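Asker: Once you've had a glance at the structure underneath, I'll fire off some questions.
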Amino acid sequence: MTDTALYWFRDDLRLTDLAGLAAAAAHDQVVPVYIRDTSLGGEWSPGGASDWWLHGSLESLQQDLQRQGITLVLRTGDTQSVLSELAQEIGANSVYCSRHYQPWSAALEREIRDALAQGDVTLKRYPGTLLHEPEDVATGGGTPFKVFTPFWRACLRRPDPAPTLPAPTLRGADRRIASEALADWQLLPTAPNWAAGWDALWQPGEAGAHDALAQFLADHVQDYDDGRDIPSQPNTSRLSPYLRFGNISPRQVWHAAQACKATRPAAAGDIDKFLSEIGWREFCYHLLFHFPAMPDEAFNPKFAFFPWGSDRDRLRAWERGQTGYPIVDAGMRELWQTGFMHNRVRMVVASFLTKHLLINWREGERWFWDCLLDADLASNACSWQWVGGSGADASPYFRIFNPVAQGEKFDKAGEYTRRWVPELANMPDKFLHKPWEAPAEILAEAGVVLGDTYPEPLVDHKSAREAALSAYSTLKELP
DNA sequence: CCTGGAGTTGTCCTA
DNA sequence: TTAGGACAACTCCAG
Numbered sequence: 125m126t127d128t129a130l131y132w133f134r135d136d137l138r139l140t141d142l143a144g145l146a147a148a149a150a151h152d153q154v155v156p157v158y159i160r161d162t163s164l165g166g167e168w169s170p171g172g173a174s175d176w177w178l179h180g181s182l183e184s185l186q187q188d189l190q191r192q193g194i195t196l197v198l199r200t201g202d203t204q205s206v207l208s209e210l211a212q213e214i215g216a217n218s219v220y221c222s223r224h225y226q227p228w229s230a231a232l233e234r235e236i237r238d239a240l241a242q243g244d245v246t247l248k249r250y251p252g253t254l255l256h257e258p259e260d261v262a263t264g265g266g267t268p269f270k271v272f273t274p275f276w277r278a279c280l281r282r283p284d285p286a287p288t289l290p291a292p293t294l295r296g297a298d299r300r301i302a303s304e305a306l307a308d309w310q311l312l313p314t315a316p317n318w319a320a321g322w323d324a325l326w327q328p329g330e331a332g333a334h335d336a337l338a339q340f341l342a343d344h345v346q347d348y349d350d351g352r353d354i355p356s357q358p359n360t361s362r363l364s365p366y367l368r369f370g371n372i373s374p375r376q377v378w379h380a381a382q383a384c385k386a387t388r389p390a391a392a393g394d395i396d397k398f399l400s401e402i403g404w405r406e407f408c409y410h411l412l413f414h415f416p417a418m419p420d421e422a423f424n425p426k427f428a429f430f431p432w433g434s435d436r437d438r439l440r441a442w443e444r445g446q447t448g449y450p451i452v453d454a455g456m457r458e459l460w461q462t463g464f465m466h467n468r469v470r471m472v473v474a475s476f477l478t479k480h481l482l483i484n485w486r487e488g489e490r491w492f493w494d495c496l497l498d499a500d501l502a503s504n505a506c507s508w509q510w511v512g513g514s515g516a517d518a519s520p521y522f523r524i525f526n527p528v529a530q531g532e533k534f535d536k537a538g539e540y541t542r543r544w545v546p547e548l549a550n551m552p553d554k555f556l557h558k559p560w561e562a563p564a565e566i567l568a569e570a571g572v573v574l575g576d577t578y579p580e581p582l583v584d585h586k587s588a589r590e591a592a593l594s595a596y597s598t599l600k601e602l603p
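Residue 125 is where the first sequence starts when you use the numbering used here, and the numbers rise one by one after that.
Rendered as structure tokens:
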């Protein structure tokens, strides 16, 4: 009798460094499946940009498997039912998968394990796309870390993450198994196709991930410490969407970075800084695991009654990149047009939404969720709470980014701002980040008519800052 | 249980 | 022009 295993692909869309797939390869036959279950996660089921990346990742995985003569089975429906039916259909005795850490994942995995067991099928769950399991990192008192620095120090004290695994040699099923067509899932936008041109910017899938990592380590990591803050420079890794979908594992990133450090000791500081950003991803996942309400509720309970405003017009202006603050608008338009935003600018726009507009961080979290290719429940929730001040190890209340100063400091020559806000392209550097201060003749010469070709500032920085400080000061009056 | 240093990414005012 | 301190007080976490 043929010994057949099912590999259930989730957010681990790759073939290398996948312990569960390597283990499944010991069976006579392996049938890989990806299940589209739109009921999972409720309001946190993937947004539009994520679906675009998912499509590309699945297409890439299909091709990689096809090279071994194996077809990726695509099915739609309730995950548990699909797995049970498919296991029965192909006579599988085992189902392999990687672990997830979302609030609903543990219960889902338990239910699936129990349901499969009824048909004498074993669910074999392997560690997920992290460096360390949440259970393996704790304070001396056994509690989860709530501050990043001691968390990361504890991670670094642990044994190195396991060495990475090669892609296993798989033998597919000896008969055809029904699969839906990826195109029928309609993961790509059509009318309108807002992702037109994204193929030139991104290469979803495992090969693209390794290209991006290799190029980053070869050409850009050496200036990471300073360069990562300059949005016009290519010194960030842009690995986040690949990590989000498991096109690459953080262990692969870790070991590649360590190898790079060995050959280029001068870049060691930059590389450690980069790895600490991988550490932030790790920290967010661990926090979400221990505090599953993170995406929906303020981590710091003092914020339960924070006087957030709810001005829909202002929120809309922020979303559309029409706030009148050039660096903010540049970021929001980069997001809308490319599915990505530079990290420094993410902080600026998030600070602007929560502190200048006093709009609840959850509105920003929601918008990013739909627009970002790397929309990740853990990183998105924790980062928004961090900026808003309610999160773990959060930004202090008085840290209110001045959007003019941030623009002048990090986009001094205006390259980034002019690219995404072309109506200001002819503004001189001196006034690019504060066009409302420009004399009439300068505006005329640059072809800018405030309130017409480019908005007047939505709020006045100084008074918005004072209003935020005053709102945040109400926190300390609460019990 | 107590103690004390520390805490991703800033801004503004003053001297 | 520039450097330093204030901006709350609190919680976290290791010793």
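Idealized CB from N, CA, C, for every residue including glycine.
All values derive from a computational prediction rather than experimental measurement.
Using a Cβ-Cβ cut-off of 6 Å (strictly less than) and excluding sequence neighbours within five positions of residue 191, which residues of its own chain qualify?
Answerer: Result list for residue 191: empty, nothing under 6 Å.
Asker: Can you tell me which of the three DSSP states residue 434 falls into?
Answerer: Three-state result, residue 434: coil.
Asker: On a CA-only basis, which of 299, 334, 262, 544 is nearest residue 452? Give me that one, please.
Answerer: Residue 544 is the option with its Cα nearest to residue 452.
Asker: Answer yes or no: do residue 153 and residue 297 have a C-beta to C-beta separation smaller than 8 Å?
Answerer: Cβ distance < 8 Å, so residue 153 and residue 297 count as in contact.
Asker: Keeping to the same chain, check which residues put their C-beta closer than 7 Å to that of residue 472; ignore five residues upstream and five downstream.
Answerer: Here the set comprises 451, 452, 455, 525, 527, 530.
Asker: Have a look at the DSSP bridge pairing and note the partners of residue 128.
Answerer: Note: residue 128 sits in a beta bridge opposite 153, 216.
Asker: Report the residue from 130, 344, 328 whose alpha carbon sits nearest the alpha carbon of residue 245.
Answerer: Taking only the C-alpha atoms, the option nearest residue 245 is 130.
Asker: Just the C-alpha distance for residue 482 and residue 593, rounded to the nearest angstrom, thanks.
Answerer: Going by the C-alpha atoms only, they are around 10 Å apart.
Asker: Pop quiz: residue 485 and residue 469 are said to be a contact at Cβ under 8 Å. What is the actual Cβ separation, rounded to whole angstroms?
Answerer: About 17 Å separates the two Cβ atoms, so there is no contact after all.
Asker: When the Cβ atoms of the segment 257-271 are set against those of the segment 235-242, are three or more pairs found closer than 8 Å?
Answerer: No contact exists between the segment 257-271 and the segment 235-242.
Asker: Alpha helix (DSSP H) containing residue 452: first to last residue?
Answerer: From DSSP, the alpha helix (DSSP H) with residue 452 extends over 450-462.
Asker: Across which residues does DSSP place residue 248 in a beta bridge pair?
Answerer: 220, per the DSSP bridge assignment.
Asker: Can you tell me the Cα-Cα spacing of residue 292 and residue 203, whole angstroms?
Answerer: If I take the Cα positions, the gap works out to 25 Å.
Asker: Apart from the five residues just before and just after residue 651, which ones in its own chain have a Cβ nearer than 8 Å to its Cβ?
Answerer: For the chain, the structure presents residues 125 to 603; residue 651 sits outside this window and is missing.
Asker: Starting from residue 200, follow the beta strand (DSSP E) in both directions and report where the run begins and ends.
Answerer: Note, residue 200: beta strand (DSSP E), 197-200.
Asker: Short of 7 Å in beta carbon distance, which residues of its chain neighbour residue 589, apart from the five on each side in sequence? Order them along the chain.
Answerer: Closer than 7 Å at Cβ, skipping near neighbours: 524.
Asker: Give me the Cα-Cα distance between residue 322 and residue 198, rounded to the nearest whole angstrom.
Answerer: If I take the Cα positions, the gap works out to 24 Å.
Asker: Would residue 605 and residue 499 qualify as a contact pair, given that the criterion is a beta-carbon distance under 8 Å?
Answerer: This structure cannot speak to residue 605, because the chain is shown only from 125 to 603.
Asker: Helix, strand or coil: which one does DSSP assign to residue 483?
Answerer: Here residue 483 sits in strand by DSSP.
Asker: Would the beta-carbon of residue 556 fall within 8 Å of that of residue 577?
Answerer: Contact flag unset, no.
Asker: What does the Cβ neighbour count give for residue 502, buried or exposed, with the cut at 16 atoms within 10 Å?
Answerer: Answer is buried; the Cβ neighbour count reaches 16.
Asker: Here's a check: name, in chain order, each residue in its chain whose Cβ is nearer than 6 Å to the Cβ of residue 314, leaving out the five neighbours to either side.
Answerer: No residues qualify anywhere along the chain.
Asker: Between residue 144 and residue 133, what straight-line distance do the alpha-carbon atoms span, to the nearest angstrom?
Answerer: Going from the Cα of residue 144 to the Cα of residue 133 covers about 10 Å.
Asker: Would you list the residues sitting across from residue 160 in a DSSP beta bridge?
Answerer: Per DSSP, 200.
Asker: What's the gap between the Cα of residue 434 and the Cα of residue 477?
Answerer: Distance between the alpha carbons of residue 434 and residue 477 is about 11 Å.
Asker: Can you check whether the CB of residue 363 is closer than 8 Å to the CB of residue 399?
Answerer: No, the pair does not count as a contact, with Cβ atoms beyond the cut-off.
Asker: Which residue comes first and which comes last in the alpha helix (DSSP H) that contains residue 471?
Answerer: Looking at the DSSP string, the run of the alpha helix (DSSP H) that includes residue 471 is 467-475.
Asker: The alpha helix (DSSP H) that contains residue 317, what's its start and end?
Answerer: Element bounds for residue 317: n/a, residue is neither H nor E.
Asker: Pull up the distance between the alpha-carbon of residue 428 and that of residue 598, whole angstroms please.
Answerer: Straight-line Cα distance between these residues: approximately 12 Å.
Asker: What three-state label does DSSP hand residue 574 in the structure shown?
Answerer: Reduced to three states, the DSSP call for residue 574 is strand.
Asker: In or out: residue 586 buried (at least 16 other Cβ within 10 Å) or exposed?
Answerer: Residue 586 comes out exposed.
Asker: Give me, in chain order, the residues of the same chain whose beta-carbon lies closer than 6 Å to that of residue 344; leave out the 5 immediate sequence neighbours on both sides.
Answerer: Excluding residues within five positions, the ones whose Cβ falls inside 6 Å are 358, 359.
Asker: If I'm right that residue 422 touches residue 514 with Cβ under 8 Å, what's the distance once you round it to whole angstroms?
Answerer: Indeed they touch by this definition, with Cβ atoms about 4 Å apart.
Asker: Roughly how many angstroms separate the alpha carbons of residue 326 and residue 212, rounded to a whole number?
Answerer: The straight-line gap from Cα to Cα measures roughly 38 Å.
Asker: Given a cut-off of 8 Å, decide if residue 463 and residue 497 are closer than it, judged by their beta-carbon atoms.
Answerer: Yes.
Asker: The alpha helix (DSSP H) with residue 406 in it runs from where to where?
Answerer: First-last of the alpha helix (DSSP H) with residue 406: 392-414.
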